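A.B. asks:
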């Protein structure tokens, strides 16, 4: 029931086909000084808003909430609205398939009798969308437009009928919002609410001069939702072939007495295939008209004389316009950029208005209205205690429809998030427990469809040729498919067809066959990757979506199909940010590290040496988040991990492109980098069974249980060679076990880690669970010495790893450290020769040899030494080129220093008597002469004392040694100080069995050159390749053990009390 002093009289909303009164309680304010407080205030009484209120009232968990509806129109008229008798048809049977699906969902969800819906006969929402003709006021609306409005009205009637049977809500109709602000309430709350912190609530001022407060303010009012304006939820526009006519209208006082529009100008909108028409109220006797249309129609409207234009507006909007203060036309790009000022009247100074858009040439033009109108898409659906649903959140675009199915999905998702918050005793207006959950659910889901629509606007705008019939056919297929996901898939599939193939899609049966294939075929084969144009700024890998909003011409960073596709020079490289408390934060560092594209040595970004203040902020954020994150149920964490995995798959190419640009890997190899990390995240989704404790009845009435509990704040220090995989060794396992994580990516290529942080936030990770800082030795020392950090994960060189392990262990921390390697492969004469040689070449030179599991030492047993020229020949055929180039097999080294070091090792081998079978020194691809290049190098006749054998090279260099027997090979390999991985190539089971038993290495491959285990097992090591003797290894069961502490609980439950009053001091004390 609503708080306050509502009138006891219920407003009689009588349905034309039902005698019951609606229980929508009309608000009667006693005095202007009173402040009414609601749990949820919904602005907009359309399908989305009414769906939300219906869901909240229908749920037992939320039925008690205080709800209010703000609607500018008269809902009494909407409730009584009915169709002309001659337009009745066979009930719902003539609805479009998508609307039938929508109403079926409403029926199942809210128990609405959808048989009461009576649509117009044979009218289809999508039929009119293949037409680009303009609709003028001097002709009746076309049937498709009527059909769309009809279905909206029917759904509204059905939802109002459902609300009629539920507990009352407060109705504030025929009014609109004039202001929303945070801070001290403008009037005093009732005494019973004096304890509430109302300064954090949105305070809504209505046109009636009354004020209400809301724990959660929901905007569901389409294009005109003032919630978006005042709450600061920003939007971005598209550059479609649309123009806008903008006019400032002066109204007579008679407008307020017009029975059709008793309140004068309200937020009004009409949707046409050519774009929306909006009428917005201004302070005083002014209103602003924004008419989005085609360039031809815009020119026609602009050419009308003032009297004709005013007469047309008055007839269309039922107003009394007496004068036209100003009118001008904006092009598509200008319309997208135009920013409307808050409550600004004409002739206000430029200084008062702030920055004027470049497309607006006078102060008067920039002070037309008080609403940011765009052909737009919201960058977020939520901000502080505010959320958008329905058209308020979605794009207005012909291919996307007007949001019926999408609006219902929003309402259901937000209702579910509110119910979740209520059930868990959380604040429904908080970001962590409610709004983030809704935003992460719907923004990602809707972006898949809207992203496809964005790329296919040409399919709508082309007016001739074979595209036209295909367009109409495609829209009908979208209509028939109904499901939101299939719509998006079909639109993306449609974008892959060429004009020459359209004739093959000439029948609806062919379209539906194509659509049915979507369920069976993997998405990667359905449509080509959409590449960005060359004008897009390439360096947007580390920047948050909010930061990009300041630059309208820049591609959105969150889009999965916007990423670098070449090694072109970046015109304005950005700075890498810290990720603190779930926000991308500019660093205040005074020292920066330049990051260069290894293929060109062009500057890509600057990485900060994070300041002490920033490092401490990461620790404080992680500490603050830990208690709440630990308390989150494992199943809830699992749901976040499911979303995280889905997002990584969606942004796979974007992550890979970041790796190629910064680290140098080929695009295909970079995708493999992402895959191996993704597999760890996928395995973490099934961690529920791995965290089950054990219990045993150890004595009569006594049992012992053990549990795994998180450690607290943990840290990960990552290397440059796997920018996505190594962070994903830590993020999933550390967080799903309940820890909070501070990650330091390599300062040489942090981009992938920053994208992973952005995706984690989208997946629903709460503030502070994941933090990212940057730097080199100073940052590492901070992580080691910070007492709040309980464990450190490290992958890298022996020098750094041994330092971290020794110093960290001395500080009482757990440390897992995977270090250097010299991975051997023993080739026996009985092996499958071609398979062995192909495997060796790939394992030795892939990723330019910059893998800790790269095959760097080849042990040829017996006669196999004669095969070495063939190894060199295979290596010679490998294509060394920029990672974005088609057919590239391996890319550059990470830095020029690395290239110089490896060249010196090759030179030392030559000086020590080895034979250079294939020399990669001095290699330079023609297109990228300034990169860090070394071609594949094969060195034969190597001896164990040589520098090239004793040191880890970490480059595309294969050293080859000759031995006589397998025993000699085992002895040689075991004598090496490293023990990461090893392989044997043979067809003999007995030889393989003896080899794997006697060899001293953490990971052994039999006819497998890089035997890295899948994450169901652990990444192990031996000797100097792993710190601490391999006690703490990565992922798998060992990884879970590393990030958890075992707690054992022994309990005794006896029904009867002890008989004797004497203590038993002998062991055991119980039996």
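Residue numbers (this note's numbering): 6 to 1076. Heads up, the beta-carbon is just placed ideally off N, CA and C, and yes, glycines get one too. Remember, it's a predicted structure, so these values are computed and weren't measured experimentally.
1) Output the distance between the C-alpha atoms of residue 809 and residue 789, rounded to the nearest integer angstrom.
2) Keeping to the same chain, check which residues put their C-beta closer than 7 Å to that of residue 684; ignore five residues upstream and five downstream.
3) In angstroms, rounded to a whole number, what distance separates the CA positions of residue 441 and residue 769?
4) Using DSSP bridges, identify the partner residues of residue 965.
5) Which residues mark the beginning and the end of the beta strand (DSSP E) in which residue 44 is found?
6) Which residues share a DSSP beta bridge with residue 819?
7) Grouping DSSP H, G and I as helix and E and B as strand, with all else coil, what is residue 595?
8) Whose C-alpha, out of 658, 687, 693, 691, is nearest the C-alpha of residue 677?
9) Give the list of continuous beta strand (DSSP E) stretches no shorter than 3 residues that lie fully inside the region 981-1060.
10) Can residue 252 and residue 309 be called in contact, C-beta distance under 8 Å?
11) Got a sec, what are the start and stop residues for the beta strand (DSSP E) residue 175 sits in?
12) Tell me residue 600's beta-bridge partners as DSSP assigns them.
13) Looking at the secondary structure, which residues open and close the alpha helix (DSSP H) in which residue 790 lies?
14) Using beta-carbon positions only, say whether residue 700 and residue 713 come within less than 8 Å of one another.
15) For the structure I just gave you, are there three or more beta carbon pairs, one from the region 932-946 and one from the region 892-907, closer than 8 Å?
16) Using the Cβ count rule (16 or more neighbours within 10 Å means buried), how would you classify residue 204?
17) Thinking residue 858 and residue 1009 are a contact (beta carbons under 8 Å), I'd like their distance in whole angstroms, please.
18) Among 642, 212, 704, 841, which has the Cα closest to the Cα of residue 1058?
19) What three-state label does DSSP hand residue 249 in the structure shown?
20) Residues in its own chain within less than 6 Å of residue 829 by CB, not counting five upstream and five downstream?
21) Our contact map puts residue 848 next to residue 1015 with C-beta atoms below 8 Å; I'd like the distance itself, whole angstroms only.
22) What does DSSP give as the partner residues of residue 708 in its beta bridges?
23) From which residue to which residue does the alpha helix (DSSP H) around residue 55 run?
24) May I ask you to report which of helix, strand or coil DSSP gives residue 184?
25) Residue 777 bridges to which residues according to DSSP?
26) Express the C-alpha separation of residue 1051 and residue 1034 in angstroms, rounding to a whole number.
27) Checking the sheet assignment: what are the DSSP bridge partners for residue 208?
28) From which residue to which residue does the alpha helix (DSSP H) around residue 946 run?
29) Identify, in the order they occur along the chain, each residue of the same chain with its Cβ nearer than 7 Å to the Cβ of residue 1072, setting aside the five sequence neighbours on each side.
30) How big is the Cα-Cα spacing for residue 318 and residue 613?
31) Output the residue ranges of the alpha helix (DSSP H) runs that lie fully inside the region 859-904 and measure 4 residues or longer, sorted by chain position.
32) Quick one: Cα of residue 151 to Cα of residue 313, how far?
33) Between 850, 904, 910, 889, which has its C-alpha nearest residue 882's C-alpha?
34) What number of angstroms, rounded off, separates the C-alpha of residue 425 from the C-alpha of residue 991?
35) Indicate whether at least one CB of chain B lies closer than 8 Å to the CB of residue 446.
36) Count the other CB atoms within 10 Å of the CB of residue 664; is the residue buried (16 or more) or exposed (fewer)?
C.D. replies: Let me spell this out:
1) Position 804 of the chain shown, counted from the first residue, corresponds to residue 809. Position 784 of the chain shown, counted from the first residue, corresponds to residue 789. So the two alpha carbons sit approximately 7 Å from each other.
2) Mapped onto the chain shown, residue 684 falls at position 679. Closer than 7 Å at the Cβ level, and outside the excluded window around residue 684, lie 1019, 1020.
3) As a position in the chain shown, residue 441 is number 436, starting the count at 1. As a position in the chain shown, residue 769 is number 764, starting the count at 1. Answer to the nearest angstrom: the Cα atoms are 6 Å apart.
4) For the purposes of this step, residue 965 is taken as residue 960 along the chain shown, with counting starting at 1. For residue 965, which the question treats as bridged, DSSP gives the partners 863.
5) Numbered from its first residue, the chain shown carries residue 44 at position 39. Segment 41-48, the beta strand (DSSP E) holding residue 44.
6) If you number the chain shown from 1, residue 819 lands on position 814. Paired residues: 796.
7) To locate residue 595, count along the chain shown from 1; it is residue 590. The answer is coil: DSSP assigns residue 595 none of H, G, I, E or B.
8) As a working mapping, residue 677 is identified with position 672 in the chain shown. Checked all of 658, 687, 693, 691; the closest Cα to residue 677 is 658.
9) 986-990, 1008-1011, 1049-1057
10) For the purposes of this step, residue 252 is taken as residue 247 along the chain shown, with counting starting at 1. For the purposes of this step, residue 309 is taken as residue 304 along the chain shown, with counting starting at 1. Against a cut-off of 8 Å, the Cβ pair of residue 309 and residue 252 comes out as no contact.
11) Taking the chain shown and counting its residues from 1, the one referred to as residue 175 is at position 170. It spans 174-178 - the beta strand (DSSP E) in which residue 175 sits, taken as one unbroken run.
12) Reading the chain shown from its first residue, position 595 is the one you call residue 600. Residue 600 pairs with 610.
13) Taking the chain shown and counting its residues from 1, one reaches residue 790 at position 785. Per DSSP, residue 790 belongs to the alpha helix (DSSP H) from 782-790.
14) Position 695 of the chain shown holds residue 700. Position 708 of the chain shown holds residue 713. Cβ distance not < 8 Å, so residue 700 and residue 713 don't count as in contact.
15) yes
16) Here the question's residue 204 lines up with position 199 in the chain shown. Its Cβ having fewer than 16 others within 10 Å, residue 204 is exposed.
17) Along the chain shown, read from residue 1 onward, the residue named residue 858 stands at position 853. Along the chain shown, read from residue 1 onward, the residue named residue 1009 stands at position 1004. The Cβ separation is near 12 Å, so there is no contact.
18) In the chain shown, counting from the first residue as 1, residue 1058 sits at position 1053. Of the candidates 642, 212, 704, 841, the one whose C-alpha sits nearest the C-alpha of residue 1058 is 704.
19) For the purposes of this step, residue 249 is identified with residue 244 of the chain shown, where counting begins at 1. Residue 249 falls in the strand class under three-state DSSP.
20) For the purposes of this step, residue 829 is taken as the residue at position 824 of the chain shown. Around residue 829: 862, 864, 978, 987.
21) Numbered from 1 along the chain shown, position 843 holds the residue referred to as residue 848. Numbered from 1 along the chain shown, position 1010 holds the residue referred to as residue 1015. Correct: roughly 5 Å between the Cβ atoms.
22) For the purposes of this step, residue 708 is taken as residue 703 along the chain shown, with counting starting at 1. Partner(s): 702, 1056.
23) Against the chain shown, residue 55 aligns to sequence position 50. Run containing residue 55: 52-63, per the alpha helix (DSSP H) assignment.
24) As a first step, residue 184 must be located in the chain shown, where it is residue number 179. Three-state DSSP puts residue 184 in a strand.
25) Numbered from 1 along the chain shown, position 772 holds the residue referred to as residue 777. Per DSSP, 584, 748.
26) Working through the chain shown from its first residue, we reach residue 1034 at position 1029. Working through the chain shown from its first residue, we reach residue 1051 at position 1046. Cα-Cα distance, rounded: 21 Å.
27) As a working note, residue 208 is residue 203 in the chain shown. Answer is 186, 218.
28) Here residue 946 is taken as the residue at index 941 of the chain shown, counted from 1. Premise fails: residue 946 is in no alpha helix (DSSP H) and is neither H nor E.
29) Position 1067 of the chain shown, counting from 1, holds the residue named residue 1072. Closer than 7 Å at Cβ, skipping near neighbours: no residue.
30) Working through the chain shown from its first residue, we reach residue 318 at position 313. Working through the chain shown from its first residue, we reach residue 613 at position 608. Using only the alpha carbons, I get a separation of about 57 Å.
31) 873-881
32) Within the chain shown, numbered from 1, the residue matching residue 151 stands at position 146. Within the chain shown, numbered from 1, the residue matching residue 313 stands at position 308. With a pLDDT of only 41 at residue 151, under 50, the local geometry of the prediction cannot be trusted, and no value is derived from it.
33) Numbered from 1 along the chain shown, position 877 holds the residue referred to as residue 882. It is 850 whose Cα lies nearest to the Cα of residue 882.
34) Along the chain shown, read from residue 1 onward, the residue named residue 425 stands at position 420. Along the chain shown, read from residue 1 onward, the residue named residue 991 stands at position 986. The alpha-carbon atoms of residue 425 and residue 991 are separated by roughly 58 Å.
35) Looking for chain B here will not work: only one protein chain is present.
36) Mapped onto the chain shown, residue 664 falls at position 659. The residue is buried, with at least 16 neighbouring Cβ atoms inside 10 Å.
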